[in-house]
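Heads up: the protein sequence lines correspond to chains A and B, in order.
Reading the first sequence from the start, the letters are residues 1035 to 1149 in the working numbering.
Reading the second sequence from the start, the letters are residues 347 to 460 in the working numbering.
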Amino acid sequence: AQSVSQHNHHVILSEAASLELGCNYSYGGTVNLFWYVQYPGQHLQLLLKYFSGDPLVKGIKGFEAEFIKSKFSFNLRKPSVQWSDTAEYFCAVKLYNTNAGKSTFGDGTTLTVKP
Amino acid sequence: NAGVTQTPKFQVLKTGQSMTLQCAQDMNHNSMYWYRQDPGMGLRLIYYSASEGTTDKGEVPNGYNVSRLNKREFSLRLESAAPSQTSVYFCASEKAGGAGGEQYFGPGTRLTVT
């Protein structure tokens, strides 16, 4: 069964610091990869996704993620965080090009940005 | 285009009461999901439906039942609520296909069982 591991449960940064959140998955086949963000009191929304092509994916609000197939990783990055980035971040994986089966989510990383 | 809607937004139940959480999507997605979210435990999948007429158990199905009424609607029923079911419940639908797979979430239902 596929699984997703997010290494950091809680990250605390000051504004303007750089961010990298780790995500590793265990599945040998072709996958679609996602990062979702959940702002306090809100529902999850898509931040960015990878399904093929350029392994460096750019998302909303200045976030990007790099897919490294050999490492089964899909780390999320942002060069300079803002207080408004305080949220919980979830990595997810789904088998490529299938309408069956389910997506698998990591346990989430809580990011706190201090002003 | 409302996306994914859920009702109710808040609910308080007494132990042993039953209720149904409603979810509907207007994006013509095949797959729909029910999750619960508890502090420090991330999202846990309760049930999902890959297409109209099919449902499958997720990792925490005990105490819940689901109905995929049609392509748009996917309801979650608690037959006899327990305090352990106090949680925030999210419904999601999923865009299918090779370039798809992303999920669209509803606003959530905050359920308290006393």
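All C-beta atoms, glycine included, are put in the ideal place defined by N, C-alpha and C.
Values in this document were obtained by computation on a predicted structure and should not be read as measured data.
**Message:** With distance defined between alpha-carbon atoms, name the residue in B:Glu425, B:Leu457, B:Pro385 and B:Pro429 nearest to A:Leu1142.
**Reply:** As a working mapping, residue 1142 of chain A is identified with position 108 in the first sequence. Before going further, note that residue 1142 of chain A is Gly rather than Leu in the sequence given. Closest by alpha carbon: B:Pro385.
**Prompt:** What does DSSP give as the partner residues of A:Thr1129 in its beta bridges?
**Reply:** Residue numbering aside, residue 1129 of chain A sits at position 95 when the first sequence is read from its first letter. According to the sequence displayed, residue 1129 of chain A carries Leu and not Thr. Answer by DSSP bridge pairing, in chain order: A:Val1065.
**Residue range of the unbroken beta strand (DSSP E) whose run includes B:Glu440** = Indexing the second sequence from 1 puts residue 440 of chain B at position 94. Counting along the chain, the beta strand (DSSP E) containing B:Glu440 begins and ends at Ser433 to Glu440.
**Item:** Option in A:Gln1072, A:Lys1095, A:Asn1066 and A:Val1071 with minimal Cα separation from A:Lys1083
**Value:** As a working note, residue 1083 of chain A is residue 49 in the first sequence. Residue A:Asn1066 is the option with its Cα nearest to A:Lys1083.
**Message:** Within 8 Å of any Cβ in chain A, is that where the Cβ of B:Gly447 sits?
**Reply:** Taking the first residue of the second sequence as position 1, residue 447 of chain B is located at position 101. So, interface residue.
**Message:** On the criterion of 16 or more Cβ atoms from any shown chain inside 10 Å, does A:Trp1069 qualify as buried, or is it exposed?
**Reply:** Translated into positions along the first sequence, residue 1069 of chain A becomes position 35. Classification of A:Trp1069: buried, given that the 10 Å Cβ count is 16 or more.
**Amino acids of chain A, ordered along the chain, whose beta-carbon sits closer than 9 Å to that of B:Pro453** = As a position in the second sequence, residue 453 of chain B is number 107, starting the count at 1. The contacting residues are Gln1076 and His1077.
**Item:** Whole-number beta carbon distance between A:Val1091 and A:Tyr1123, since they are thought to touch under 8 Å
**Value:** As a working mapping, residue 1123 of chain A is identified with position 89 in the first sequence. As a working mapping, residue 1091 of chain A is identified with position 57 in the first sequence. At roughly 15 Å, the Cβ-Cβ gap does not stay under 8 Å, so A:Tyr1123 and A:Val1091 are not in contact.
**Prompt:** DSSP state of A:Asp1119, grouped into three classes?
**Reply:** Indexing the first sequence from 1 puts residue 1119 of chain A at position 85. The answer is helix: DSSP assigns A:Asp1119 an H, G or I state.
**Residue range of the beta strand (DSSP E) that includes B:Arg423** = Translated into the one-based positions of the second sequence, residue 423 of chain B becomes position 77. Segment Phe420 to Leu424, the beta strand (DSSP E) holding B:Arg423.
**Prompt:** Quick one, are the C-beta atoms of A:Gln1076 and A:Cys1057 less than 8 Å apart?
**Reply:** By one-based count along the first sequence, residue 1076 of chain A stands at place 42. By one-based count along the first sequence, residue 1057 of chain A stands at place 23. Cβ distance not < 8 Å, so A:Gln1076 and A:Cys1057 don't count as in contact.
**Request:** Mind listing the chain A neighbours of B:Gly399? Cutoff is C-beta to C-beta under 9 Å, in chain order.
**Result:** In the second sequence, the residue the question calls residue 399 of chain B occupies position 53. The contacting residues do not exist; B:Gly399 stays about 13 Å from chain A at best.
**Asked** What span of residues does the beta strand (DSSP E) with A:Glu1098 cover, start to end?
**Response** In the first sequence, counting from the first residue as 1, residue 1098 of chain A sits at position 64. A:Glu1098 -> beta strand (DSSP E) spans Glu1098 to Ile1102.
**Asked** Taking C-beta to C-beta, are A:Gln1116 and A:Glu1054 nearer than 8 Å?
**Response** Counting from 1 along the first sequence, the entry for residue 1116 of chain A is found at position 82. Counting from 1 along the first sequence, the entry for residue 1054 of chain A is found at position 20. No.
**chain A contact residues for B:Phe436, given Cβ-Cβ distances below 8 Å** = Along the second sequence, read from residue 1 onward, the residue named residue 436 of chain B stands at position 90. Ordered by position in chain A, the residues that pass the 8 Å Cβ test against B:Phe436 are His1077 and Leu1078.
**Three-state secondary structure assigned by DSSP to B:Ser395** = The residue labelled residue 395 of chain B in the question sits at position 49 within the second sequence. B:Ser395 falls in the strand class under three-state DSSP.
**Request:** State the DSSP-derived secondary structure class of A:Ser1086, mapped to helix, strand or coil.
**Result:** The residue given as residue 1086 of chain A occupies position 52 in the first sequence. In the structure shown, A:Ser1086 sits in coil (DSSP, three-state: anything other than H, G, I, E or B).
**Asked** With a cut-off of 8 Å, do at least 3 Cβ pairs link the stretch 1088-1102 of chain A to the stretch 352-365 of chain B?
**Response** no
**Which of helix, strand or coil DSSP assigns to B:Lys403** = The sequence position of residue 403 of chain B within the second sequence is 57, counting from 1. Of the three classes helix, strand and coil, the one that applies to B:Lys403 here is strand, per DSSP.
**Request:** Select from B:Leu389, B:Met378 and B:Thr432 the residue whose C-alpha is nearest the C-alpha of B:Thr400.
**Result:** Position 54 of the second sequence, counting from 1, holds the residue named residue 400 of chain B. Looking at the Cα atoms, B:Met378 is the closest of the given residues.
**Message:** Can you tell me whether A:Lys1105 is helix, strand or coil according to DSSP?
**Reply:** Translated into positions along the first sequence, residue 1105 of chain A becomes position 71. Looking at A:Lys1105 - three-state DSSP - the assignment turns out to be helix.
**Message:** Quick check: is the beta carbon of B:Tyr410 nearer than 8 Å to any beta carbon in chain A?
**Reply:** On the second sequence, residue 410 of chain B is found 64 positions in, with the first residue counted as 1. No, no contact with chain A.
**Asked** Where do the ends of the beta strand (DSSP E) carrying A:Glu1049 lie?
**Response** For the purposes of this step, residue 1049 of chain A is identified with residue 15 of the first sequence, where counting begins at 1. No beta strand (DSSP E) holds A:Glu1049; DSSP gives it neither H nor E.
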